[in-house]
Structure formats: C-alpha cells, structure tokens
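Have a look at the structure below, then the notes.
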Amino acid sequence: MELKRIIARDTRSANEKAIQMYGQDVLIISSHKVDNQIELVVAVETAPEVPPVASANDFKPLPVLGAESVHVAEKPAGHAFAKVFESQMGSSVEEGSSGTPESAEHDMVMDALTALSRRVVSHPAPSAVAEPALVKTAAAAPIAPVTSPMAAAPAEMAHDFRRSQETVELLRQEMSALRQEFALSRQMAVWQGGQGLSPEIDQLWNQLLELGMPARLRSLLLDSVRNLHSVEEARGMVFQLLSAALKRPGVTAPQQGAHALCGPSGAGKTLMVVRLAKQASLSLDAEQQAIISYCDQRPGAWSQLQVLAAQTGIECYKASDAQTLKLLLDELSGRKAIWIDTPGTDFLSHAQALHAAVPNVQLHAVLPVDATVTSVQKVLESATVPWSSLMLSKFDEAAHPWPLIQGLCNSTLGVSMISHGAMLSHPSTGFDPEQLIEMALSPLGTMPMVMPKKKTSRKRVSPLESTPKEVVKRSRSTAKVLNA
C-alpha cells in the first residue's frame with residue numbers, strides 16, 4: 001500500500017480525480033486546504049512484485065555453500081564431460097586408419113587422455129569457490145560461541161508468565177480476604193452498637209477501624225475496653241494486650257550452617273542474605289562462607305547478587321535446580337556458613353522441594369512488615385514447611401502492619417531478625433513487639449478526637465432550691481402576666 005498526493009481546486013474535483021486515477025476502491029486518508037487548493041492524500045493498493053522468469057540464456061551463479069556442495073554440483077557436469085570426451089575420441093579413432101603405426105600411436109595417446117580425464121572427474125581439485133568456506137570455518141573455530149539475546153528470551157518469557165499467574169492468583173486471594181473482612185465488619189458494627197460504649201471509646205474504635213485493624217482483632221480487644229471511659233485508659237489497655245499477645249521465645253539470627261531464605265517477591269530476601277553474611281563476617285572469614293543463588297530466573301537477579309556479594313568479599317555460586325544445589329553443598333561442605341537465596345515466584349513450592357532434596361538446610365521465612373493478608377497466611381499458617389524462624393524486612397517503610405500483627409498473634413513462630421533501610425550499612429535488630437505496636441498505633445496521635453456534643457436537658461427547679469435572684473426574677477415575670 002502506498003500514499004498518493006492529489007492537488008485540485010476543490011474537494012469534488014479532487015475526489016473525481018482520485019477515482020479516475022486509482023479506481024472506485026481508493027481510500028481517502030486526509031484532505032487539507034493548501035494555497036487555495038485542496039490537497040488529498042489517498043492510499044493505493046500496489047500489486048506485489050513478481051520476480052522475473054529466468055530464461056535459458058540468463059547467467060546462473062553458483063551458490064557458495066562450501067567445498068562439499070560445490071563438489072556435488074560439479075559431479076554431474078564431470079561425468080557428462082567424460083562421456084562427451086570418450087564419444088569424440090571414439091569417433092575420431094574410427095575415422096582414422098587402424099593399420100598404420102601412426103594410428104596405433106594415436107590410440108595409445110587417446111587411451112592415456114581418456115584415463116586422465118576419468119581421474120580428473122573422479123578426484124577433482126578443490127575449486128576457488130570453495131576456498132572462502134574453508135577459510136571461514138578455520139577462522140571461526142577458535143572463537144567462543146556467543147549467546148544470542150534470543151536464546152534467553154524463552155526463559156524470561158516463562159518467568160514472566162509464572163509471575164503474571166502468581167499476581168493474578170494473589171489478587172484473587174486478596175479480594176476474597178477483603179470480602180470476608182467487609183462481611184465481618186458489618187456484623188461487628190451491629191454488635192458494637194448494642195454494647196453501650198461511651199462516646200470516647202466509640203470514637204477510638206472508629207479510628208482503629210480507619211487504621212485498618214482487622215475485625216477479628218478488634219472484636220477480641222473490645223471486650224477488654226468496653227467498660228472504660230477515657231481514651232488514655234483504652235489506649236493503654238490495647239497496647240498492653242497486644243504486647244502480651246506478641247511475646248514469644250527469643251530466637252537469635254543464624255551464624256553458622258546452611259540456611260535458605262524464602263518469601264514472596266519483593267520481600268528483600270537477597271539483601272537479607274547479604275546482611276546475614278556480613279553479620280557472620282564478624283566471627284568468620286570470607287573464605288569460610290558462601291552464597292548460592294537457587295533457581296532464580298529473574299532478569300538481573302544473578303548480577304544483583306554478584307554486586308552485593310562483592311561488597312562483602314564472599315564467593316557466590318548459582319544452582320539451577322535441586323540436584324545442582326545438592327552437588328554444590330557437597331563441594332562446599334568445608335564452609336562453616338552457606339546462605340541460599342531463593343526465588344519469590346511460588347516460594348512455598350520451592351521451599352518444599354528444597355526441604356525434600358536437602359533436609360539439613362534450615363528454612364527461614366522473610367516477610368516485609370507491611371505484608372498483605374494472603375502472604376502472612378501463606379507463611380504463618382503453612383503446615384507443610386518447617387520454618388526455623390521468621391525474618392522481617394523494610395521496617396522503616398512499613399505503614400500498615402496490622403495483618404502481620406494479627407498473624408503473629410495467632411502463631412508462635414519466633415522472629416530472629418528485623419532489617420531497617422535498604423543499605424548494608426544499616427544495622428539489623430532483634431524483635432521488639434512494643435516497637436512494632438507503637439508504630440502501628442502512632443497514627444492515633446495525629447487523629448482528632450471529635451466527641452459528640454451532649455444535649456443539655458432543662459431541669460425544673462423547685463422554689464425551695466431557688467436563689468433569691470431567681471425568686472425576684474420569677475415574681476416580676478408573674479406580676480407582668482397578671483397586669484396584662
């Protein structure tokens with residue numbers, strides 16, 4: 001299809017000219033007025049170019065395909081040459097006299113030439129056309145094969161497909177959890193209205209609802225604060241109850257052994273692995289540790305791990321499957337600490353496969369402090385993966401920790417480490433439940449406490465309880481009524 005330009009004095013003339021030149025099926029693209037004339041742009045279908053038919057007299061170049069292909073192409077021509085040569089020589093012999101010595105000598109020469117022609121046809125010399133192919137092959141032999149970008153495209157497409165499937169499934173689970181939360185909140189609103197709460201406590205409970213506290217957690221805390229009357233007492237009671245629910249046995253961060261970190265995408269597993277390696281470097285040398293990237297097909301994941309590991313001086317390795325990881329662990333059995341970074345796509349399946357292949361590797365779950373409800377449920381309510389501890393990341397970026405708080409209240413899994421910031425220089429700390437609750441309740445300090453205004457009831461006062469001024473005022477008003 002081509003674009004053609006038509007100039008006419010008006011639109012009608014331009015359309016007629018286009019139809020006259022290109023037929024009824026012409027497609028008009030645009031029409032503009034240029035210098036008191038109409039410029040019409042039309043699209044015209046062009047016939048495909050037909051290659052010219054080669055005649056018998058045209059030159060046909062030989063294809064440059066290498067020595068073997070040239071040899072195969074020349075073989076029929078060589079046999080034809082031998083047959084023609086023999087026929088010509090035979091006819092010339094028949095024409096000559098056969099009884100003279102000259103004819104005998106001529107026959108010997110012809111036999112020698114015929115044998116020579118057959119030898120040339122059966123063993124042809126390498127032609128000049130085949131030489132470039134031989135030189136190219138010899139020159140390209142020592143060059144290492146270069147991986148084309150298209151070779152890695154199927155792996156990246158497969159990873160993107162799995163990631164999109166996981167995202168859709170996560171969205172469906174989040175929507176289902178939200179529907180359950182809305183239904184429970186409606187039931188709680190009806191139940192809360194019949195509890196007879198004081199206006200201060202009722203206002204505080206509405207603010208906790210705005211903060212995103214789950215309905216189940218609010219229902220458990222409501223029984224403890226419904227008899228209170230001040231906001232300060234209610235806040236203190238909520239803080240005390242949550243602190244008691246989050247207390248758990250202390251778990252220290254791992255220092256030696258083989259440890260694998262698993263968690264959803266974006267939880268900060270790679271940075272947590274390097275943090276653990278750097279923290280273990282205080283008591284171990286870099287040669288006594290190793291970092292392994294296990295089955296992570298994300299574009300740039302391996303490069304990112306190499307850059308982070310280079311800052312600590314610890315060697316890093318890559319394992320594409322469980323068998324390769326098992327071989328690596330056998331080779332690195334002399335190392336005192338081995339840290340394994342796992343992919344975030346379908347992390348529970350990878351954790352189960354890792355535990356089945358290498359049972360002596362300890363599994364640690366990694367979650368951001370503001371993790372979603374479904375991510376918290378996958379980790380803390382999973383009975384198929386024996387977690388050794390829970391590690392929390394992005395504490396300084398968290399703004400909605402209530403799903404994690406509810407999950408920790410229902411689980412006894414110990415928290416071994418909390419990371420702050422996205423830099424390796426930022427130190428990691430142990431688990432402090434009071435610090436987590438303070439961060440969750442901190443928005444309450446900025447919310448205004450708007451209390452409903454109480455209606456003042458006009459109480460009738462008896463004459464005995466009235467003051468002298470009220471008695472005089474009432475008597476004057478009575479006298480005015482009587483005079484009227």
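For the sequence shown, UniProt numbering begins at 1 and goes up steadily by one.
Beta carbons: idealized from backbone N, C-alpha and C, even for Gly.
Being a predicted model, the structure only gives us computed values, none of them experimental.
* To do: Report the three-state DSSP secondary structure of residue 341 (helix, strand or coil).
  => strand
* Asked: Just how far apart, CA to CA, sit residue 453 and residue 179?
  -> Its pLDDT being 44, under 50, residue 453 is placed unreliably by the model, and the measurement read from it follows with that caveat. Those two C-alpha atoms are separated by around 35 angstroms.
* Asked: Which class does residue 367 belong to by DSSP, given the choice of helix, strand or coil?
  -> strand
* Just tell me which of 307, 295, 396, 288 has its CA closest to the CA of residue 341. => 295
* Contact under 8 angstroms by Cβ, residue 485 with residue 356 -> Coverage of the chain is limited to positions 1 through 484, which leaves residue 485 absent and any answer about it impossible.
* Asked: Thinking C-alpha only, which one of 42, 35, 16 is nearest residue 27?
  -> 42
* Asked: Roughly how many angstroms separate the alpha carbons of residue 283 and residue 406, rounded to a whole number?
  -> 36 angstroms
* Asked: According to the Cβ coordinates, are residue 404 and residue 367 closer than 8 angstroms?
  -> yes
* Among the residues of its own chain, which have a CB less than 7 angstroms from the CB of residue 278, if the five just before and after it don't count? -> 312, 424
* Any chance the CB of residue 268 is under 7 angstroms from a heavy atom of the ligand MN? -> Inclusion of the ligand MN in the displayed structure is not the case, the ligand content being empty and no account of it being possible.
* Asked: Roughly how many angstroms lie between the CA atoms of residue 376 and residue 430, to the nearest whole one?
  -> 19 angstroms
* Please classify residue 384: does DSSP put it in a helix, a strand, or coil? => coil
* To do: Quick one: residues in its chain with C-beta nearer than 8 angstroms to the C-beta of residue 140, no 5 flanking neighbours on either side, listed in chain order?
  => Low local confidence applies: a pLDDT of 32 at residue 140 is under 50, so the model's placement there is unreliable, with the coordinate-based value given in what follows. Excluding residues within five positions, none has a Cβ falling inside 8 angstroms.
* Write down every uninterrupted run of the beta strand (DSSP E) in the region 273–354 whose length is 3 residues or greater and which is fully enclosed by it, in chain order. => 289–294, 316–319, 337–341
* Asked: Under 8 angstroms between the Cβ atoms of residue 378 and residue 408?
  -> no
* For residue 225 versus residue 213, is the C-beta spacing smaller than 8 angstroms? -> no
* First through last residue of the alpha helix (DSSP H) which encompasses residue 240 -> 231–246
* Asked: When you compare only the Cα positions, how much space is there between residue 151 and residue 322?
  -> Annotation note: pLDDT 46 at residue 151 (below 50); position unreliable, no value reported.
* To do: For residue 171, count neighbouring Cβ atoms within 10 angstroms of its own Cβ and tell me buried if that reaches 16, exposed if not.
  => exposed
* To do: Report back the beta-carbon spacing between residue 416 and residue 391 to the nearest angstrom; my notes put them in contact at under 8 angstroms.
  => 6 angstroms
* With a Cβ-Cβ cutoff of 8 angstroms, do residue 363 and residue 371 count as a contact? -> no
* Compare the beta carbon distance of residue 325 and residue 369 with 8 angstroms and say whether it is the shorter of the two. => no
* Asked: So residue 42 is in the beta strand (DSSP E); what residue range does that whole segment cover?
  -> 37–44
* To do: Note down the Cα distance separating residue 242 from residue 215, rounded to an integer number of angstroms.
  => 15 angstroms
* What three-state label does DSSP hand residue 34 in the structure shown? -> strand
* Asked: What did DSSP end up calling residue 4 once you bin it into helix, strand or coil?
  -> strand
* Kindly indicate the opening and closing residues of the alpha helix (DSSP H) around residue 260. => Premise fails: residue 260 lies in the beta strand (DSSP E), 257–262, not in any alpha helix (DSSP H).
* Determine the direct distance from the alpha carbon of residue 249 to that of residue 234, and round the result to whole angstroms. => 27 angstroms
* Asked: What does a CB cutoff of less than 7 angstroms around residue 333 pick up in its chain, not counting 5 residues either side in sequence?
  -> none
* To do: Pick out whichever of 270, 286, 438 has its Cα sitting closest to the Cα of residue 303.
  => 270
* Asked: Should residue 308 go down as buried or exposed, given a rule of 16 or more other Cβ atoms within 10 Å for buried?
  -> buried
* Asked: Do you know offhand how far residue 205's Cα is from residue 219's?
  -> 10 angstroms
* **Integer Cβ distance of residue 275 from residue 343, believed to fall under 8 angstroms** => With 8 angstroms as the limit, residue 275 and residue 343 do not qualify as a contact, their Cβ atoms being about 19 angstroms apart.
* **Per-residue burial, residue 136 [other beta carbons within 10 Å of its own, 16 or more giving buried]** => Annotation note: pLDDT 35 at residue 136 (below 50); position unreliable, no value reported.
* Asked: Among 2, 32, 3, 4, which one has its Cα closest to the Cα of residue 12?
  -> 32
* **Span of the alpha helix (DSSP H) around residue 225** => 215–225
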